[in-house]
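Sequences listed follow chains A and B, in order.
Heads up, the first sequence is in the working numbering, so the first residue is 1 and it goes up one at a time.
Heads up, the second sequence is in the working numbering, so the first residue is 1001 and it goes up one at a time.
We treat Cβ as the ideally placed atom computed from N, Cα and C, and that holds for glycine.
A short worksheet on the structure shown next.
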Amino acid sequence: MAASIQKVGPAIPIQCHAWSSDRQTIAVSHNDKLVELYKQQPGGSWNQTDILDQHDLRVNDIDWAPNTNRIVTCSADRNAYVWVQGADGKWKHTLVLLRINRAATCVRWSPQENKFAVGSGARIISICYLDEEKDWWVAKHIRKPLRSTITTVDWHPNNILLAAGCTDFKVRVFSTYIKEIEPKPSATEWGAKMPFANLMAEFSNSPTGGGWIHAVAFNEEGTRLAWVGHDSSIAVADAPSGMVMMKLKTNLLPFLSLLWIGPNRLLAAGHDCVPVLFHVDSAGKVSQGPKLEEGGNVVEATAAASAKNMFKNKDRLGQELVDSRLGTTHQNQINSMRILEGNKVEARRVSTTAGDGALVIWNLASGALAGKLAALKI
Amino acid sequence: QIYKMAKNTNSTAFRRIDVDKYSEDNYKEDVDNETVTAGPSENEVMSLISQNKQLDALKYVLANSPLGNKNQAVRDAALTLALRVMLSFKTSQIEEAVKQLDYEQRDILMKYIYRGFEVPNEGSSAQLLVWHDKVFNHSGVGSIVRVLTDKKKV
């Protein structure tokens, strides 16, 4: 089956999720201050193995480094914690002083996992690296020219460049080069000079404003940057062709998350509760593909459908049947999407979590979806 | 000396300063130096309508819409003209007209439709609802989302 629902805890909205490198354990946060780890059991169900309880306020984002097996969490309590699993299997935490005075909104490990970036409502991105001598995480700030809350960050494969989406309707690429821990980077399509906090590129989502940026994503080589905004649009900027930006305004509700699943293919999901495919051609133009599943509103026939209840509801609510379910697997907006199996060049399975508290795994290689993906090739 | 002090504290003008305006946390809008259009000319619009060229009149008001113009009077005048054009169509012609527009024009049209709902008169809303339906069939909820999120209002 192309989409399979997994139950990881109660049906409370899931804010964010992250997978361990072997994909057997998932870390989720159900809109509260806890991070819960669930391990897949033979038979398909999920058992809660650990609860990471250090934050005081809602956990906004989680990221799990595949090679070093470290988890980083950030929260509305203005803190981030790095969690390391000991030999006994228990997770030990280390507080990271981000030095921000507003909530932390998003966090991502760098490709080499020696740094992580935290976006915040303080209009600052904190780049944190481990000071080996003192054995603690140091945060350096990127401030200019961010003018509002950072909502999303994504790393370039060279471990130096970072893309950030912001509620000032702009997407920016910064350098996070820290001379204490890494060699000087060589030039990329985004520019040659990369001192720390240098603004390499800035894109405005729209001359008419364009809505908050909800997700940014570099492609595998780091030559293209894609993002989705609250004006129901998806855009791709192509660095080699001179920072050309191509934008598509869709007919759908805004997207909240975005993934590259192929060299020319994007998957976006959000308020329509179902992932949608997009194709990017060689000129950078974005075109919309099919949704991963069809389904308008489906009204279930329940006991309320007796004639008496029908008129009662018509009188009371102005509509005939009270219960309605969406025809899609998710019943609420999808706010987090990860590649479960594969990579940005060829993703075979992706996972989504949503406001309905469900985790859904989409098998892109399955018959039905593979057909849709193949039809997308021009 | 004492008199000077007493006079100095007489003024209470400091109480009227908006302290929040100077707060560091305030988001400051991008200062836009783009030139904005002055809006469509009434003569042109009326002349096109009288020649039964409603579709041309529609394209004209959409192309010359003063998006984001800080002068409210200019935007209101443009709205009045846009509504006049929309209401000059026969209901049966609306669908064909919408089909002739591109997606940018439909986004601007949707903005005028919603502004038109705000100032209903003499059954205008009924006609606007037909416009809304036809534009929605092409541009979906996305165009409605953009009515809400675009900073440059019509």
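Spatial neighbours of Gln40(A) in its own chain (CB-CB distance under 7 angstroms, excluding positions within 5 residues in sequence) are listed in chain order as Gln24, Trp46. At a cut-off of 9 angstroms, the C-beta of Arg147(A) has a neighbouring C-beta in chain B. Excluding residues up to 5 positions away in sequence, Ser175 lie with their Cβ nearer than 6 angstroms to the Cβ of Asn198(A) in the same chain. Under the 9 angstroms criterion on CB atoms, Thr152(A) is classed as non-interfacial with respect to chain B. Excluding sequence positions up to five before and after His1132(B), its CB lies within less than 7 angstroms of the CB of Ile1113, all in the same chain and listed in chain order. Against chain B, the beta carbon of Asn158(A) has no neighbour under 8 angstroms; the closest one sits roughly 30 angstroms away.
Pro111(A) and Arg99(A) have their C-alpha atoms some 24 angstroms from each other. By the 16-neighbour rule on beta-carbons within 10 angstroms, Gln333(A) is buried. Note that the C-beta distance between Ala283(A) and Val228(A) is not below 9 angstroms.
Near chain A, meaning a CB-to-CB distance below 7 angstroms, the residues of the segment 1118-1146 of chain B are Ser1139, Gly1140, Val1141, Gly1142, Val1145, Arg1146. Within chain A, the residues placing a beta-carbon under 8 angstroms from that of Gly1068(B) are Thr208, ordered along the chain. Per DSSP, Arg172(A) lies in no alpha helix (DSSP H) segment; the continuous beta strand (DSSP E) that holds it begins and ends at 170-175.
Put simply, of Lys1151(B), Phe1089(B), Leu1101(B) the residue whose alpha carbon is nearest the alpha carbon of Lys1059(B) is Leu1101(B).
The beta carbon of Asp1076(B) sits no closer than 9 angstroms to any beta carbon of chain A. Membership of Lys92(A) in the beta strand (DSSP E) is indicated by the continuous run 91-96. Taking C-alpha positions only, Gly289(A) is separated from Lys115(A) by approximately 36 angstroms. At a cut-off of 9 angstroms between C-beta atoms, Pro275(A) does not count as an interface residue with respect to chain B. In the DSSP annotation of this structure, Tyr38(A) is not part of any alpha helix (DSSP H); the continuous beta strand (DSSP E) holding it starts and ends at 35-40.
Contact with chain B is found for Asn251(A), since one of that chain's Cβ atoms lies less than 9 angstroms from the residue's Cβ.
When the Cα atoms are used, Asp50(A) and His156(A) turn out to be separated by approximately 32 angstroms. Around the beta carbon of Gly357(A), 16 or more other beta carbons sit within 10 angstroms, so the residue counts as buried. At least one CB atom of chain A sits nearer than 9 angstroms to the CB of Asp1107(B). Using a Cβ distance threshold of 9 angstroms, Gly262(A) and Ala215(A) do not count as a contacting pair.
By the rule that beta-carbons nearer than 9 angstroms mark a contact, Phe311(A) does not touch chain B.
Annotation: Cβ neighbours of Lys1151(B) in chain A (cutoff 7 angstroms, chain order): Thr208, Gly209. Under the Cβ criterion of 9 angstroms, Phe169(A) is counted among the residues facing chain B. DSSP, reduced to helix, strand and coil, places Tyr1112(B) within a helical segment of the structure shown. If you look at Lys1099(B), you'll find it in the alpha helix (DSSP H) that goes 1094-1099. In this structure, Ser351(A) lies near Val360(A), with their beta-carbon atoms less than 9 angstroms apart.
Counting the other CB atoms within 10 Å of its CB gives Pro1120(B) a total below 16, which places it among the exposed residues. In this model, Leu248(A) and Arg316(A) are separated by some 42 angstroms (Cα to Cα). According to DSSP, residue pairing for Cys106(A) in a beta bridge involves Gly119(A). Restricting attention to Thr208(A), Leu130(A), Phe218(A), the CA atom closest to the CA of Asp238(A) is found in Phe218(A). Listed by position along chain B, the residues whose Cβ is nearer than 8 angstroms to that of His230(A) are Val1145, Thr1149. Beyond the five residues adjoining it in sequence on each side, Ser204(A) comes within less than 6 angstroms, by CB distance, of Lys170 in the same chain, given in chain order. C-alpha of Phe1089(B) to C-alpha of Val1141(B): approximately 24 angstroms in a straight line.
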